[in-house]
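These protein sequence lines are chains B and D, in that order. For the first sequence, the numbering used here begins at 3 and goes up steadily by one. For the second sequence, the numbering used here begins at 3 and goes up steadily by one. Note that beta-carbon positions come from the ideal geometry of N, C-alpha and C, so glycine has one too. Structure record follows, encoded as structure tokens.
Number of protein chains: 2
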Amino acid sequence: MSTTVGILGGTGPAGRGVAIRLASAGYDVTLGSRDEQRASETAGGLSPRGNGSIGGGTNEAAASCDVVIVATPWDSAVATVSSLKDQLANKVVISMVNALTKEGRELLPLYPPRGSMAAQIAHALPRSNITGAFHHLPAAQMEDLDSDLRADVVVFGDNAEARTATVQLVNAMAGLRAVEVGSLSLASAVEAFTAVCISINIRHKAHTYVQLAGLDH
Amino acid sequence: MSTTVGILGGTGPAGRGVAIRLASAGYDVTLGSRDEQRASETAGGLSPRGNGSIGGGTNEAAASCDVVIVATPWDSAVATVSSLKDQLANKVVISMVNALTKEGRELLPLYPPRGSMAAQIAHALPRSNITGAFHHLPAAQMEDLDSDLRADVVVFGDNAEARTATVQLVNAMAGLRAVEVGSLSLASAVEAFTAVCISINIRHKAHTYVQLAGLDH
């Protein structure tokens, strides 16, 4: 039986892009939303290529999957995962959340009380294994399977097995290469750099993403 | 007459790499150090290719140049620039300082009281125009003019003219492409990401650097 992946708050651009590439890699994906109907409609509008599937449902349904990705807006992430604490226990929970605020034509990083959104989520889910991934990705290119995406995805987390599981998930997805960096202590730096990528995009009218040169795998 | 560039704390690996590529682009560079003799010896050991020169001297000598780069260790940066406040007035001062601390096999970002080292330096130099650049570069490849370096350098700062001057300086250097991102508010995110690059290097025994895909200049 294939691994199932749930995406909390999965109907936004970030969640959709990850969903379509996961399903195209053979995973069965549940897009979760507070609005179950919107989740079903969004899932129905995505056409993965491969053996996987995308369905829509509640966040509870998404949280019942084998692996769960948090893709909610940053200011609802803790409330969402806290309400699903028991279902998420003993699972790998991947945060792709960035706390950002707009100021003029720039996106700027916010630093949550525990330093990062991944740390906020880890504190809310003491029985889950938190990792981080998918932070710097261009949503439009993620969703377009014909785009020539070759992005590096920095993966962090305190639990080595959970990091390995996350790396495997990322590397299964077309156009992405996982780069394991280390512990959750690096989450603030990874999350905040998303503000740099998006601010560059706004200024240069581009769809930038990060490639790490000089890494042979 | 060509532009002169001074590098405060320029005898370390980061300063040397920037010096050799600036001199190879035709700039006359002064490596500054608290130890004048070490600065002269370090400068004498660097062989730029081109019309520029590299000399060694005191940090005072480096501060008398047209443009000044801060490459000291993070914990001496504010003391160094504060003592040169008058000489640095009305100049573009480029911070390449990252506040990092080692924990096990990782480098982790420190967040200075004003959010970033560039902001600390800006506060210490109210009459100078502070920008940031050169944060994510691999020192060994910077110093080796035969390396196949093609790195993107994120440039930030509150003063548009100073940013433009910094972009021009970076783009004159072989192997580097400047990417203007915006204001000093983004400094913390740029500086902290250096910890991610170095931690990846330690874990993967690599010399990683950042390329931003999808940007046409």
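Based on DSSP bridge pairs, tell me the residues matched to residue i.
| i | result |
| --- | --- |
| residue 35 of chain D | D:60 |
| residue 30 of chain B | B:6, B:55 |
| residue 133 of chain D | D:96, D:159 |
| residue 110 of chain B | B:103 |
| residue 153 of chain D | D:178 |
| residue 169 of chain B | In the DSSP output, where bridge partners are listed per residue, residue 169 of chain B has none listed. |
To the nearest angstrom, how far is it from the Cα of residue i to the Cα of residue j?
| i | j | result |
| --- | --- | --- |
| residue 93 of chain D | residue 199 of chain D | 30 Å |
| residue 60 of chain B | residue 20 of chain B | 18 Å |
| residue 175 of chain B | residue 145 of chain B | 12 Å |
| residue 190 of chain B | residue 26 of chain D | 37 Å |
| residue 143 of chain D | residue 85 of chain B | 49 Å |
| residue 39 of chain D | residue 58 of chain D | 8 Å |
| residue 204 of chain D | residue 107 of chain D | 7 Å |
| residue 62 of chain B | residue 42 of chain B | 14 Å |
| residue 97 of chain B | residue 77 of chain D | 33 Å |
| residue 118 of chain D | residue 125 of chain D | 11 Å |
| residue 2 of chain D | residue 172 of chain D | Residue 2 of chain D cannot be examined here, being either before or after the span of chain D that is shown, 3 to 219. |
| residue 128 of chain B | residue 83 of chain B | 11 Å |
| residue 79 of chain D | residue 7 of chain D | 17 Å |
| residue 100 of chain D | residue 134 of chain D | 10 Å |
| residue 169 of chain B | residue 162 of chain B | 10 Å |
| residue 14 of chain D | residue 137 of chain D | 14 Å |
| residue 1 of chain D | residue 73 of chain D | Any property of residue 1 of chain D remains undetermined from this structure, which presents chain D solely from 3 to 219. |
| residue 150 of chain B | residue 23 of chain D | 33 Å |
| residue 18 of chain B | residue 71 of chain B | 12 Å |
| residue 122 of chain D | residue 201 of chain B | 22 Å |
| residue 212 of chain D | residue 167 of chain B | 25 Å |
| residue 177 of chain D | residue 65 of chain B | 46 Å |
| residue 55 of chain D | residue 30 of chain D | 5 Å |
| residue 258 of chain D | residue 217 of chain D | One cannot answer for residue 258 of chain D here, as it falls past the ends of chain D, which runs 3 to 219. |
| residue 152 of chain D | residue 215 of chain B | 8 Å |
| residue 88 of chain D | residue 131 of chain D | 13 Å |
| residue 180 of chain D | residue 165 of chain D | 10 Å |
| residue 12 of chain B | residue 188 of chain B | 25 Å |
| residue 147 of chain D | residue 104 of chain D | 29 Å |
| residue 139 of chain D | residue 91 of chain B | 40 Å |
| residue 186 of chain D | residue 109 of chain B | 12 Å |
| residue 192 of chain D | residue 210 of chain B | 15 Å |
| residue 32 of chain D | residue 75 of chain B | 48 Å |
| residue 102 of chain B | residue 68 of chain B | 29 Å |
Alpha helix (DSSP H) containing residue i: first to last residue?
| i | result |
| --- | --- |
| residue 99 of chain B | Per DSSP, residue 99 of chain B belongs to no alpha helix (DSSP H) and is neither H nor E. |
| residue 15 of chain B | 15–26 |
| residue 90 of chain B | 87–90 |
| residue 215 of chain B | Looking at the DSSP string, residue 215 of chain B is not in any alpha helix (DSSP H); the run it does join, the beta strand (DSSP E), is 211–215. |
| residue 79 of chain B | 76–84 |
| residue 126 of chain B | 119–126 |
| residue 142 of chain D | 141–145 |
Just to confirm the assignment, what range does the beta strand (DSSP E) spanning residue i have?
| i | result |
| --- | --- |
| residue 205 of chain B | Not the beta strand (DSSP E): residue 205 of chain B falls in the alpha helix (DSSP H), residues 189–206. |
| residue 178 of chain B | 178–184 |
Give me the chain C residues within the contact set of residue i, using Cβ-Cβ distance strictly less than 8 Å, ordered along the chain.
| i | result |
| --- | --- |
| residue 140 of chain D | In summary, chain C is missing from the structure at hand, where the protein chains are B and D. |
At least three beta-carbon pairs within less than 8 Å, the segment 108–117 of chain B to the segment 46–55 of chain B: no
The segment 194–209 of chain D contacting the segment 32–50 of chain D, beta-carbon criterion three pairs below 8 Å: no
Short-range partners of chain B found in the segment 186–216 of chain D, where Cβ spacing is below 7 Å: 187, 188, 190, 191, 192, 194, 195, 197, 198, 201, 202, 205, 206, 208, 209, 210, 211, 212, 213, 214, 215, 216
Positions along the segment 53–82 of chain B whose CB lies within less than 9 Å of some CB in chain D: none
Contact set between the segment 110–126 of chain B and chain D, restricted to residues whose Cβ is under 8 Å from the partner: 110, 111, 113
Cβ contact check for the segment 144–160 of chain B and the segment 3–23 of chain D: 3 or more pairs under 8 Å: no
Contact set between the segment 162–181 of chain B and chain D, restricted to residues whose Cβ is under 9 Å from the partner: 181
Contact set between the segment 12–38 of chain B and chain D, restricted to residues whose Cβ is under 9 Å from the partner: none
Interface residues of the segment 82–97 of chain D facing chain B [CB-CB below 7 Å]: none
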